[in-house]
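Novice: I am attaching a structure below and will ask some questions about it afterwards.
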Amino acid sequence: MNYPAVPIPTLTDKLIARKEGAIGWIIFNNPERHNATSFEMWQSLPLVLAAYVRDPEVRVIVLRGTGEKAFSAGADISQFKEKRSTAEAVKAYNDTADASSRGLRECAKPTIAMIHGYCIGGGAAIAVGCDIRIAADTAKFGVPAARLGLGYRFEGIKRLASMVGPAFTAEIFFTGRQFSGQEALDMGLVNRILPASEVETFTRDYANIMANNAPLTLAAVKRALIELNRDESRRELALCQEMVDACFASEDYKEGQAAFMEKRKPNFKGR
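In the working numbering, the protein residues as written are 1 to 271.
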C-alpha cells in the first residue's frame with residue numbers, strides 16, 4: 001500500500017501514521033518481527049490517536065500491520081530482557097501498554113482493525129480494543145500467555161469475555177493455541193472475514209461509509225459503548241445524554257432531514 005505523504009509524528013518508525021482523506025491510518029511497521037509491538041510503539045499509539053481525535057478531517061481510524069503476514073504478533077519479546085526483567089520494569093512496561101490500550105478503547109472516533117496474518121497476544125488485545133474487526137480468512141488469532149508464563153490483567157480478560165463470552169475466553173487462554181479466521185468469526189471475535197485479496201478494499205469502503213455519516217451521532221454512540229464497558233457505578237450517563245441532545249440541536253440534524261426529503265446525500269459538518 002502506498003500511504004499518502006501526510007505524516008503524524010511518532011516516537012519510532014515502527015509505528016506509521018498517515019492521513020488519507022477522512023481515514024486516519026495507524027500501521028504497525030515491524031515486519032521482521034511480524035509487526036510485534038515494541039515499548040516505543042506502545043508509547044506512540046496514544047499520541048497518534050489524540051492527534052486524530054483533534055483533527056476534524058479524520059472521521060474513522062484504521063489500524064493495520066505492514067504487509068499481509070501479520071497484523072501484530074504481540075509484544076516484541078526481544079525487548080523483554082531490557083524492558084521487563086525486574087518487577088519495576090514490568091510495572092513500567094505494563095502501565096505504558098495499559099494506558100495505550102485504554103486510549104484505544106476510549107478513543108472518541110470509530111476504530112477498525114484490518115487484520116491480515118498473525119493477530120497474537122498483544123496484537124489480539126489491540127484488535128479487541130477496536131470497535132470493528134475485519135479479517136482475512138487466512139488470519140490467525142491467539143493469546144499464548146500461558147505458554148510464556150505471563151500474567152494477564154483483569155481488564156484484558158473482561159474485555160475479551162464481554163466480546164466472546166467466558167467459555168471461549170477460557171478456551172483461548174487455557175489452550176494458548178492459534179484460532180483460524182473462521183473460528184474467530186464463529187466465536188464473535190471478528191465482525192467479518194474475507195479473502196485476503198479483498199480485505200483492504202472492503203475496509204476502505206466500510207470506513208468511508210462510516211466517514212460519510214454524522215460525526216456527532218458516531219461520537220454519541222461511541223461514548224455510550226465506552227460507558228457500557230465500565231462498571232455501572234462509574235458510568236457517565238449524563239454525558240451520554242448531553243451528546244444525544246447535541247445531535248438533535250446540531251446543524252447536521254437539520255442537514256440530515258433536508259437531505260432525506262430532497263433524496264440526496266447529506267453533507268455533514270460535525271456541528
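For glycine and all other residues, C-beta sits at the position ideal for the given N, C-alpha and C.
If Lys263 and Glu251 are in contact, beta carbons under 8 Å, what's the gap, nearest whole angstrom?
Specialist: For the purposes of this step, residue 263 is identified with residue 263 of the sequence shown, where counting begins at 1. For the purposes of this step, residue 251 is identified with residue 251 of the sequence shown, where counting begins at 1. Their Cβ separation, rounded to whole angstroms, is 20 Å, which puts Lys263 and Glu251 out of contact at 8 Å.
Novice: Using beta-carbon positions only, say whether Ala146 and Gly176 come within less than 8 Å of one another.
Specialist: Numbered from 1 along the sequence shown, position 146 holds the residue referred to as residue 146. Numbered from 1 along the sequence shown, position 176 holds the residue referred to as residue 176. Yes; because the gap between Cβ atoms is below 8 Å, this pair is in contact.
Novice: Can you give the Cα-Cα distance for Tyr52 and Gly21, rounded to whole angstroms?
Specialist: For this step, residue 52 is matched to residue 52 along the sequence shown. For this step, residue 21 is matched to residue 21 along the sequence shown. Roughly 12 Å between the two C-alpha positions.
Novice: Taking DSSP as the reference, what is the three-state secondary structure of Tyr152?
Specialist: Counted from its first residue, the sequence shown places residue 152 at position 152. Coil, per DSSP.
Novice: Assuming Ala113 contacts Arg133 under a Cβ cut-off of 8 Å, what Cβ separation, rounded to an integer in Å, is found between them?
Specialist: Within the sequence shown, residue 113 is the residue found at index 113, counting from 1. Within the sequence shown, residue 133 is the residue found at index 133, counting from 1. Right, their Cβ atoms sit about 5 Å apart.
Novice: Classify Ala5 as helix, strand or coil using the three-state DSSP reduction.
Specialist: As a first step, residue 5 must be located in the sequence shown, where it is residue number 5. Residue confidence is low: Ala5 scores 42 on pLDDT, short of 50, so the model does not pin down where it sits. Its coordinate-derived value is still stated next. In this structure, Ala5 counts as coil in the three-state DSSP scheme.
Novice: Three or more C-beta pairs closer than 8 Å, one from the stretch 205-212 and one from the stretch 58-75: is that the case here?
Specialist: yes
Novice: Once you ignore the five residues that flank Ala5 on each side, which residues in its own chain have a CB closer than 6 Å to its CB?
Specialist: Mapped onto the sequence shown, residue 5 falls at position 5. The pLDDT assigned to Ala5 is 42, lower than 50, so where the model puts this residue is not dependable; a value taken from the coordinates is nonetheless given after this. Excluding residues within five positions, none has a Cβ falling inside 6 Å.
Novice: What does Leu63 pair with, by DSSP beta-bridge criteria?
Specialist: Position 63 of the sequence shown, counted from the start, is the residue given in the question as residue 63. Leu63 pairs with Ile26, Ala113.
Novice: According to DSSP, what are the bridge partners of Leu15?
Specialist: By one-based count along the sequence shown, residue 15 stands at place 15. Bridge partners of Leu15: Phe28.
Novice: Who are the Cβ neighbours of Arg159 in its own chain at under 6 Å, not counting the five residues just before and after it?
Specialist: For the purposes of this step, residue 159 is taken as residue 159 along the sequence shown, with counting starting at 1. Same-chain partners within the cutoff: Val128.
Novice: Assuming Gly142 contacts Ala124 (C-beta within less than 8 Å), just tell me the rounded distance between them.
Specialist: Working through the sequence shown from its first residue, we reach residue 142 at position 142. Working through the sequence shown from its first residue, we reach residue 124 at position 124. Confirmed, Cβ separation roughly 7 Å.
Novice: Could you say which of Cys247, Phe248, Pro266 lies nearest to Gly256 if we only look at CA atoms?
Specialist: On the sequence shown, residue 256 is found 256 positions in, with the first residue counted as 1. Minimum Cα distance to Gly256 is reached at Pro266.
Novice: What are the partner residues of Tyr118, as DSSP defines its beta bridges?
Specialist: Mapped onto the sequence shown, residue 118 falls at position 118. In DSSP, Tyr118 forms a bridge with Ala70, Lys140.
Novice: Mark Leu148 as exposed unless 16 or more other C-beta atoms lie within 10 angstroms of its C-beta, in which case mark it buried.
Specialist: The residue given as residue 148 occupies position 148 in the sequence shown. Result: exposed.
Novice: Do you know whose CA, among Ala184, Asn94, Ala219, lies nearest Gln241's CA?
Specialist: Along the sequence shown, read from residue 1 onward, the residue named residue 241 stands at position 241. It is Ala219.
Novice: Candidates Cys119, Gln43, Gly74: which alpha carbon is nearest Asp95's?
Specialist: As a first step, residue 95 is located in the sequence shown; it is residue number 95 there, counting from the start. Checking every option, the nearest Cα to that of Asp95 belongs to Gln43.
Novice: What is the DSSP secondary structure of Leu234, reduced to helix, strand or coil?
Specialist: Locating residue 234 in the sequence shown gives position 234, counting from the first residue. The amino acid occupying residue 234 in the given sequence is Arg; Leu does not appear at that position. In the structure shown, Arg234 sits in a helix (DSSP, three-state: H, G or I).
Novice: Could you have a look at Arg223 and say whether DSSP puts it in helix, strand or coil?
Specialist: Translated into the one-based positions of the sequence shown, residue 223 becomes position 223. Helix.
Novice: On the premise that Lys222 lies in contact with Pro110, defined as a C-beta separation below 8 Å, what is that separation, rounded to the nearest angstrom?
Specialist: For this step, residue 110 is matched to residue 110 along the sequence shown. For this step, residue 222 is matched to residue 222 along the sequence shown. About 6 Å; that satisfies the 8 Å criterion.
Novice: Is it buried or exposed for Arg102, if we count other Cβ within 10 angstroms and need 16 for buried?
Specialist: Here residue 102 refers to the residue found at position 102 when the sequence shown is read from its first residue. Counting Cβ neighbours within 10 Å, Arg102 comes out exposed, since fewer than 16 surround it.
Novice: What does the Cβ neighbour count give for Ile26, buried or exposed, with the cut at 16 atoms within 10 Å?
Specialist: Residue 26 sits at position 26 when you count from the first residue of the sequence shown. Classification for Ile26: buried.
Novice: Buried or exposed: Pro56, going by 16 or more other Cβ atoms within 10 Å of its Cβ?
Specialist: To locate residue 56, count along the sequence shown from 1; it is residue 56. Pro56 comes out exposed.
Novice: Return the CA-CA distance between Lys254 and Met243, expressed in angstroms with no decimal places.
Specialist: Taking the first residue of the sequence shown as 1, we reach residue 254 at position 254. Taking the first residue of the sequence shown as 1, we reach residue 243 at position 243. In a straight line, the C-alpha of Lys254 is about 16 Å away from that of Met243.
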